[in-house]
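Q: Here it is, the structure in full.
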Amino acid sequence: MATILKSEAGKGIALSAPASLYVGLLVAAPLGILVAYSFWTQTYVEIDRTFTWANYSEAVNDPLVRHLLIRSIAIAGAVTFATVALAYPIAYFIAFRTQKKALWLLLITIPFWSSYLLRVFSWKLILGFNGVMNSALISIGVIQEPLTFLLYNEFAVVLTLAHAWAPFAILPIYVSLQKIDRSLLEAATDLGCNRLERFIRVTLPLTVPGIIASCLIIFIPTVGDYVTPALVGGSQGKMVANLIQVQFGAANNWPLGATLSLMAMVSVGIVAILFVLLATGLGRRIR
Amino acid sequence: MTAVARIPWLLIYATAYLIFLYLPVLLLPLFSFNDGTIVAFPIKGFTLKWYAQLGEQETLLNAMVNSLIVGSVTALAATSLGLFAARAYVRYRFAGRELSEGLVMLPLVIPGIIVASSMLVLFISIGLKPSLTTVILGHTFVALPFAVSIMKSAFDDFDQSLEEAAYDLGETVVGTFRRVTLPIVAPGIVSSLLVTFTVSFDEFVLAFFLSGNQPTLPVYIWSQIRFPAKLPNTLALGSLLLMSSVILLLIAEYFRRRSTKSTS
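Same order as they appear, the protein sequences are chains A and B. Residue numbering for the first sequence follows full-length UniProt numbering, beginning at 1 and increasing consecutively. Residue numbering for the second sequence follows full-length UniProt numbering, beginning at 1 and increasing consecutively.
Right, here's the structure in full:
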């Protein structure tokens with residue numbers, strides 16, 4: 001042991017071992033047990049440990065599960081698109097159009113240093129029937145009756161999540177814009193590109209890695225988001241995480257909950273891999 | 001360009017976007033001082049009574065104590081693990097370094113509901129009842145990536161020759177770490193403690209699954225959101241929480257910047 005610890009590599013392994021073991025164990029062990037549970041059955045308070053595919057066939061054949069999974073992926077996709085599309089101009093602005101980069105980056109991150117739960121709760125108050133938005137619009141005379149399409153639907157979920165994930169889109173895109181060699185842009189101008197062509201053929205392709213990174217950072221956790229659909233989604237906006245929580249809570253069917261968790265994870269993985277393949281292919285195409 | 005001044009579209013857009021970002025964060029404090037029970041315009045009048053009532057609620061104070069315990073232990077645990085791991089990543093070259101660096105970042109990208117449900121199943125299976133302990137174990141897991149990346153940037157700017165000088169002057173490994181390395185990366189450690197504390201303090205989903213009958217503050221708030229009569233108190237509590245997170249993290253940011261400045 002003592003001689004191992006004297007070598008450089010040994011010291012590195014010994015120092016990093018506690019952290020990687022901790023994470024490794026808390027990823028592997030829960031997943032392993034989750035997989036085991038997904039093949040068991042709940043009989044009232046007991047768990048029946050005979051191997052069965054029943055949970056999977058129940059989940060696959062249940063139209064509600066399929067519907068919620070597809071909706072979760074669709075909503076997460078919409079959130080990802082909206083967040084990145086709204087964030088790109090900001091990242092561009094900070095990278096190219098302002099001298100006060102540090103100040104802008106700080107201003108953009110400050111709101112996200114506050115509790116996620118409270119920010120979602122705040123959106124619920126803003127969008128509600130008798131909420132801030134409606135009462136403000138009525139008191140300045142824009143509308144007579146409260147708008148009803150603001151809260152408890154997919155729109156509210158997408159808006160709230162697009163707000164929640166904003167810095168995770170802005171920062172990676174900003175970094176990739178910042179890395180662009182400015183002489184490439186000058187070269188494009190010298191070779192006769194107008195500003196739009198220059199953006200589409202030089203700037204945009206060079207930021208594809210940043211766009212892919214922010215899409216993944218947003219898409220993966222969003223599919224499994226629980227708080228936002230629960231608070232602002234209403235019945236139209238429920239997502240798969242809400243169903244999973246019910247299995248571990250009120251319905252008390254842990255094996256089915258485990259199955260749903262695993263199915264959600266696998267679907268996210270598949271969609272993410274397809275997306276990366278597609279986006280890298282497209283990035284090369286434009287160039 | 002023509003002589004006519006170009007309209008700074010991007011600046012206008014950026015300002016509008018900033019309003020969008022700050023709207024929900026500023027709204028809670030604004031209405032927490034409103035002398036009315038519904039959250040809508042027009043604002044009725046200024047009052048501090050919603051804040052004053054908070055001190056009388058025992059379940060809230062219990063939840064607050066729970067959150068402080070969980071946050072402090074999580075901050076210490078995640079920062080210690082992160083400190084050593086970051087030191088290894090920056091200073092030493094060893095087999096499996098990149099794998100390990102990737103692994104400790106994994107908690108950032110696993111959906112919360114999956115971490116929460118799988119940990120609940122694990123802890124129950126090994127006979128660990130949901131309690132503050134299980135919340136701490138979960139929070140240390142999700143806070144670790146933050147600790148590692150903050151400590152990595154603190155060590156990145158650390159000048160190796162200072163340690164070599166200490167060895168040459170006869171300090172032991174432990175003595176060098178304590179008297180040379182630690183003081184220099186101390187701002188990074190403070191920053192990591194504050195950030196991981198806040199991550200834990202604000203975390204909801206894991207605590208919701210793992211806290212059993214010992215709710216943390218976010219779990220307590222969740223239970224109050226359902227009652228319209230409690231709304232003004234929830235707003236006051238929420239505003240306090242929002243402000244404390246922002247202040248803690250601004251202090252953390254100050255220390256993080258100091259740690260990168262002091263050594264470069």
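Ideal Cβ positions, reconstructed from N, Cα and C, are used throughout, including at glycine. Since the model is a prediction, treat every value here as computed from it, not as a measurement.
Report back the beta-carbon spacing between residue 300(A) and Ala14(B) to the nearest angstrom; my notes put them in contact at under 8 Å.
A: Coverage of chain A is limited to positions 1 through 287, which leaves residue 300(A) absent and any answer about it impossible.
Q: Taking 8 Å as the threshold, find out whether the segment 179 to 192 of chain B comes into contact with the segment 110 to 129 of chain B through three or more Cβ pairs.
A: At 8 Å Cβ cutoff, the stretches do not touch.
Q: Please list the partners that Val246(B) has in chain A, where partner means a Cβ-to-Cβ separation under 9 Å.
A: Those within 9 Å of Val246(B) in chain A are Ile110, Pro111, Trp113, Ser114.
Q: For chain B, find out if any of its Cβ atoms is closer than 8 Å to the Cβ of Tyr22(A); answer yes or no.
A: Judged by the 8 Å Cβ criterion, Tyr22(A) is in contact with chain B.
Q: Determine the extent of the alpha helix (DSSP H) in which Asp190(A) is found, giving its start and end residues.
A: Looking at the DSSP string, the run of the alpha helix (DSSP H) that includes Asp190(A) is 182 to 190.
Q: By the criterion of Cβ-Cβ separation under 8 Å, what are the contact partners of Phe93(A) in chain B?
A: Residues of chain B passing the Cβ test: Leu10, Leu11, Tyr13, Ala14.
Q: Grab me the residues of Thr263(B)'s own chain with a C-beta within less than 8 Å of its C-beta, minus the 5 sequence neighbours each way, in chain order.
A: Annotation note: pLDDT 49 at Thr263(B) (below 50); position unreliable, coordinate value reported separately. Hits under 8 Å: Asp157, Phe158, Asp159, Ile184.
Q: According to the Cβ coordinates, are Trp123(A) and Thr148(A) closer than 8 Å?
A: Taking 8 Å as the Cβ cut-off, Trp123(A) and Thr148(A) do not qualify as a contacting pair.
Q: Distance, Cα to Cα, Thr74(B) vs Leu240(B)?
A: Computed Cα separation, rounded: 21 Å.
Q: Whose Cβ in chain B lies nearer than 8 Å to the Cβ of His163(A)?
A: Going along chain B in sequence order, the residues near His163(A) (Cβ under 8 Å) are Phe20, Leu21, Pro24.
Q: Within the continuous beta strand (DSSP E) that includes Glu46(A), where are the two ends?
A: Per DSSP, Glu46(A) belongs to the beta strand (DSSP E) from 46 to 48.
Q: Suppose only complete runs of 4+ residues qualify. What are the alpha helix (DSSP H) ranges in the segment 17 to 101 of chain A, listed by chain order?
A: As far as the segment 17 to 101 of chain A is concerned, its whole alpha helix (DSSP H) runs of at least 4 residues are 54 to 61, 63 to 96.
Q: Can you give me the Cβ contacts of Ala252(B) inside the same chain, cut-off strictly under 6 Å, excluding the 5 residues immediately before and after it?
A: The residues are Ser191, Leu194, Val195.
Q: Using a beta-carbon distance below 8 Å, is Pro232(B) in contact with chain A?
A: No, no contact with chain A.
Q: Using a C-beta cutoff of 8 Å, does Trp50(B) count as contacting chain A?
A: Not one chain A Cβ lies under 8 Å of Trp50(B).
Q: So that I know if they touch, is there some Cβ in chain A lying closer than 8 Å to that of Pro218(B)?
A: With 8 Å as the cut-off, Pro218(B) counts as an interface residue toward chain A.
Q: Taking the Cβ atom as the reference point for each residue, do Ser16(A) and Phe177(B) lie within a distance shorter than 8 Å?
A: Their beta carbons are not under 8 Å apart, which means Ser16(A) does not touch Phe177(B) by this criterion.
Q: Counting only beta-carbon atoms, is Asp157(B) nearer than 8 Å to chain A?
A: Not closer than 8 Å to any Cβ of chain A, the Cβ of Asp157(B) fails to qualify, so no.
Q: From what residue to what residue does the alpha helix (DSSP H) around Asn66(B) run?
A: It spans 58 to 91 - the alpha helix (DSSP H) in which Asn66(B) sits, taken as one unbroken run.
Q: Which residues, in order along the segment 114 to 132 of chain A, keep a beta-carbon less than 9 Å from a beta-carbon of chain B?
A: Cβ contacts with chain B: Ser114, Ser115, Tyr116, Leu117, Leu118, Arg119, Val120, Phe121, Ser122, Trp123, Lys124, Leu125, Ile126, Gly128, Asn130, Gly131, Val132.
Q: Does the count of Cβ pairs from the segment 62 to 80 of chain B and the segment 137 to 147 of chain B closer than 8 Å reach three?
A: Segments in contact, yes.
Q: Leu10(B) to Tyr88(A), Cα distance in whole Å?
A: The straight-line gap from Cα to Cα measures roughly 11 Å.
Q: For Thr181(B), which of Ser161(B), Ala147(B), Phe197(B), Leu235(B) has the nearest alpha-carbon?
A: The shortest C-alpha separation from Thr181(B) is found at Ser161(B).
Q: If we call anything under 8 Å between Cβ atoms a contact, is Val109(B) one with Ile212(A)?
A: Result no, Cβ atoms of Val109(B) and Ile212(A) do not sit closer than 8 Å.
Q: Anything in chain A within Cβ reach of Arg93(B), meaning under 9 Å, just list it in chain order.
A: In chain order: Glu8, Ala9, Gly12.
Q: Quick one: does Arg97(A) have its CB under 8 Å from some CB of chain B?
A: It does; some Cβ of chain B falls within 8 Å.
Q: Using a 10 Å radius around the Cβ and a threshold of 16 neighbouring Cβ atoms, would you call Asp225(A) buried or exposed?
A: By the neighbour-count rule (16 or more Cβ atoms within 10 Å), Asp225(A) is buried.
Q: Give me, in chain order, the residues of the same chain whose beta-carbon lies closer than 6 Å to that of Arg119(A); leave out the 5 immediate sequence neighbours on both sides.
A: Same-chain partners within the cutoff: there are none.
Q: Check whether the Cβ atoms of Leu162(A) and Val60(A) lie closer than 8 Å to each other.
A: Looking at the sequence provided, one finds Ala at residue 162(A) rather than Leu. Against a cut-off of 8 Å, the Cβ pair of Val60(A) and Ala162(A) comes out as no contact.
Q: Under 9 Å Cβ-Cβ, which residues of chain A neighbour Ala88(B)?
A: Under the 9 Å cutoff, chain A gives Lys11, Gly12, Ile13, Ala14, Leu15, Ser16, Ala17, Ala19.
Q: So if I threshold CB-CB distances at 8 Å, which residues from the segment 194 to 210 of chain A count as touching chain B?
A: Listed in sequence order: no entries.
Q: So, at 6 Å on beta carbons, what are the nonlocal neighbours of Ala188(A) in its own chain, with the 5 sequence-adjacent residues on each side left out?
A: Result list for Ala188(A): Arg198, Val202, in chain order.
Q: Quick one: does Ser117(B) have its CB under 8 Å from some CB of chain A?
A: Taking Cβ atoms only, chain A reaches closer than 8 Å to Ser117(B), which makes this a yes.
Q: Within 10 angstroms of the Cβ of Tyr167(B), are there 16 or more other Cβ atoms? Answer buried if so, exposed if not.
A: Answer is exposed; the Cβ neighbour count stays below 16.
Q: Take Gln53(B) as the anchor and find which of Glu203(B), Leu231(B), Leu250(B) has the nearest alpha-carbon.
A: When each option's Cα is compared against that of Gln53(B), the closest is Leu231(B).
Q: When you compare only the Cα positions, how much space is there between Glu145(A) and Leu206(A)?
A: Taking the straight line from one Cα to the other gives about 48 Å.
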